[in-house]
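One structure is given below, encoded as structure tokens.
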Amino acid sequence: MKQQTILRIVAKLLIPYILLFALYVQFHGDFGPGGGFQAGVIFAAGLILYGLIFGLSAAREVAPPALMETLTALGVLIYAGTGVLAMFNGGHFLDYSYLGGHGGGHAEHHGILPQGQHLGILLVEFGVGLTVAAVMISIFFAFAGRERVQ
Amino acid sequence: MHDAAIHAIVILLLGLLLGTAIVIVRMRELWAAVMLTGIYSFLGASWMLLLDAPDVAFTEAAVGAGISTFLMLSTLALTNRRAKPQPGLSPVPLVVVILTGATLIYGTFDMPHYGDPDAPAHRHMAPEFLADEVKHIQDAEHPEGKPVKVDVGNIITSVLASYRGYDTLGETVVIFTAGIGVLLLLRGEPREDPSEDASEEPSEDAP
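Residue numbers (our numbering), protein chains in the order written: chain R, -1 to 148; chain L, 18 to 224.
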């Protein structure tokens, strides 16, 4: 589809906003609708659009398949790791109140980074987003790289 | 907005959903059918938005209309664009479907009305979630359980990511496993030709 000027130009215009919107949904999911799952899907959709318009090999350069497979596992690792971190701080598995060291977390808010529950939610949502985006992109590569069966 | 207007829109949306579903079932041209499933998802998302469920509507629009449509198209690129002609009306499946549908509709008579504040779903955990004070850790100072405040604004996020963090971890693992499974099944040996691209996409040049 490289010859389709209109598609190419429109995709070029749209893709940055799709990716930006995905990041907004990811990191604003604690206050607005959305979260890691939706953000991951939207981010992957941006890259899939890129792959459809500019070709599979171009998309593979932007998002190397080997890296995508690593990110798939890394997302789950971040999620579970957040839970284990809470255990190291003296709480239960996935009890984010113990992240940031303030027993209660949310109430006393110093510093720039959010603490406790809020920090935990941001971390696990990031893990979810990473896994979902990487899985969707990997599936796109797997499908698009297939020969036609007849 | 006025209640009657909302009711009219809901009835319109549900009517369109039904119409789209019937057209999808009767259609033999698979490419058009896939496009219609995308439209079906968007209609569903609009309806969920009217039911005050923006998070679900969001997911339906992104996954149902976006990624699934794309996956269906990718599958279509690997197979034929037309469904095989079906034999005519077969009575046994029709009876089974009608009976199952009737049972399901009969089952809804027992369900509480939409938005009923006395519905079991609104009485069990929901008040604690809405008050953002779920008591869950019992220790020496808190024999009743220590209230945990999540305090992030979007209650749905606090329920999904914190109060039900185990569920969401499980879901993430499911997505991970599904992705690995699809990769193992589909990838086979890598292709040699580096110049291939996704232009086999069915809208253009598939036979």
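Every residue gets a Cβ at the ideal spot worked out from N, C-alpha and C, and that includes glycine.
Being a predicted model, the structure only gives us computed values, none of them experimental.
Extent of the continuous alpha helix (DSSP H) to which residue i belongs
i, result
"Gly49 of chain R", "34 to 52"
"Leu97 of chain R", "Taken as a continuous stretch (DSSP letters only), Leu97 of chain R belongs to no alpha helix (DSSP H), as it is neither H nor E."
"Val74 of chain R", "63 to 86"
"Val113 of chain L", "108 to 125"
"Ala82 of chain L", "No alpha helix (DSSP H) contains Ala82 of chain L, which DSSP labels as neither H nor E."
"Leu31 of chain L", "20 to 43"
"Asp72 of chain L", "71 to 76"
"Gly55 of chain L", "47 to 67"
"His139 of chain L", "137 to 140"
Candidates the options, of which the one nearest residue i by Cα
i, options, result
"Glu46 of chain L", "L:Ile84, L:Pro71, L:Gly81, L:Ala100", "L:Ala100"
"Ile172 of chain L", "R:Gln1, R:Leu12, R:Pro31", "R:Pro31"
"Leu47 of chain R", "R:Gly98, R:His90, R:Leu5", "R:Leu5"
"Ala74 of chain L", "L:Ile84, L:Phe87, L:Thr86, L:Leu60", "L:Leu60"
"Phe41 of chain R", "R:Arg144, R:Ala142, R:Phe138, R:Gly143", "R:Phe138"
"Ile12 of chain R", "R:Gly118, R:Gly143, R:Ala43", "It should be pointed out that residue 12 of chain R corresponds to Leu in this sequence rather than to Ile. Here the closest residue by C-alpha is R:Ala43."
"Gly79 of chain R", "R:Ile7, R:Asp28, R:Phe124", "R:Phe124"
"Phe29 of chain R", "L:Pro104, L:Gly55, L:Ala195, L:Val176", "L:Val176"
"Val27 of chain L", "L:Met65, L:Val40, L:Thr76", "L:Met65"
"Thr189 of chain L", "R:Tyr94, R:Asn87, R:Gly73, R:Leu121", "R:Gly73"
"Pro102 of chain L", "L:Arg43, L:Ala38, L:Ala25", "L:Arg43"
"Val40 of chain L", "L:Pro71, L:Arg98, L:Gly83, L:Thr54", "L:Thr54"
"Gly27 of chain R", "R:Leu121, R:Pro63, R:Leu69, R:Arg144", "R:Leu121"
"Asn97 of chain L", "L:Gly105, L:Ala49, L:Phe146, L:Leu202", "L:Ala49"
"Ala178 of chain L", "R:Val126, R:Arg144, R:Ala84, R:Leu65", "R:Val126"
"Gly182 of chain L", "R:Gly49, R:Gly81, R:Arg144", "R:Gly81"
"Ala79 of chain L", "R:Pro63, R:Met66, R:Gly34", "R:Gly34"
"Leu95 of chain L", "R:Arg58, R:Glu59, R:Arg144", "R:Arg144"
"Asp69 of chain L", "L:Gly132, L:Ser58, L:Ala119", "L:Gly132"
"Met66 of chain R", "R:Gln2, R:Gly38, R:Met85, R:Ile7", "R:Gly38"
Three-way DSSP call (helix, strand, coil) for residue i in this model
i, result
"Val8 of chain R", "helix"
"Gly102 of chain R", "A caution first: Gly102 of chain R carries a pLDDT of 45, below 50, which makes its placement in the model unreliable, though a value can still be read off. Note: Gly102 of chain R maps to coil in three-state DSSP."
"Val176 of chain L", "helix"
"Arg144 of chain R", "coil"
"Val151 of chain L", "strand"
"Arg181 of chain L", "coil"
"Leu128 of chain R", "helix"
"Phe165 of chain L", "Per the sequence shown, residue 165 of chain L should be read as Val rather than Phe. Here Val165 of chain L sits in strand by DSSP."
"Arg98 of chain L", "coil"
"Tyr22 of chain R", "helix"
"His116 of chain R", "helix"
"Phe91 of chain R", "coil"
"Met128 of chain L", "coil"
"Phe146 of chain L", "helix"
"Gly30 of chain R", "coil"
"Ser136 of chain R", "helix"
"Pro14 of chain R", "helix"
"Gly198 of chain L", "helix"
"Thr3 of chain R", "helix"
"Gly170 of chain L", "coil"
"Gly105 of chain L", "coil"
Beta-carbon spacing of residue i, residue j below 7 Å
i, j, result
"Leu90 of chain L", "Val51 of chain L", "yes"
"Val23 of chain R", "Ile192 of chain L", "no"
"Val169 of chain L", "Ile119 of chain R", "yes"
"Leu92 of chain R", "Leu117 of chain R", "no"
"Gln115 of chain R", "Val167 of chain L", "yes"
"Ala56 of chain R", "Arg204 of chain L", "no"
"Gly54 of chain R", "Ala132 of chain R", "Note that residue 54 of chain R is Leu in the sequence shown, not Gly. For Leu54 of chain R and Ala132 of chain R, no; Cβs fall outside 7 Å."
"Tyr77 of chain R", "Leu186 of chain L", "yes"
"Ala20 of chain R", "Ile51 of chain R", "no"
"Ile84 of chain L", "Met134 of chain R", "yes"
"Ala61 of chain R", "Leu45 of chain R", "yes"
"Ser136 of chain R", "Leu200 of chain L", "yes"
"Gly17 of chain L", "Thr70 of chain R", "Lying before the first or after the last residue shown, residue 17 of chain L is absent from chain L, which here runs from 18 to 224."
"Ala136 of chain L", "Pro129 of chain L", "yes"
"Ser58 of chain L", "Gly32 of chain L", "no"
"Ser63 of chain L", "Leu35 of chain L", "no"
What residues from the region 58 to 74 of chain R come within 8 Å of chain L, judged by C-beta to C-beta, listed N to C? Glu67, Thr70, Ala71, Gly73, Val74
Could you name the residues of the region 87 to 101 of chain R whose beta carbon sits closer than 9 Å to any beta carbon of chain L, in the order they occur along the chain? Gly89, His90, Phe91, Leu92, Asp93, Tyr94, Ser95
In chain order, what residues of the region 124 to 147 of chain R put their CB closer than 8 Å to some CB of chain L? Gly125, Val126, Thr129, Val130, Ala132, Val133, Met134, Ser136, Ile137, Phe138, Ala140, Phe141, Ala142, Gly143, Arg144, Glu145, Arg146, Val147
Give me the subset of the region 25 to 36 of chain R whose CB atoms are less than 7 Å from a CB atom of chain L, sorted by chain position. Gly27, Asp28, Phe29, Gly30, Pro31, Gly32, Gly33, Phe35, Gln36
Taking a Cβ distance cut-off of 8 Å, strictly less, list which residues of the region 79 to 109 of chain L are near chain R, in chain order. Ala79, Val80, Gly83, Ile84, Phe87, Leu88, Ser91, Thr92, Ala94, Leu95, Thr96
What residues in the region 167 to 197 of chain L have a beta carbon less than 9 Å from any beta carbon of chain R? Val167, Asp168, Val169, Gly170, Asn171, Ile173, Thr174, Ser175, Leu177, Ala178, Ser179, Gly182, Tyr183, Thr185, Leu186, Glu188, Thr189, Val190, Ile192, Phe193, Ala195, Gly196, Ile197
Going along the chain, which residues of the region 63 to 76 of chain L sit with their C-beta nearer than 7 Å to a C-beta in chain R? Pro71, Asp72, Phe75, Thr76
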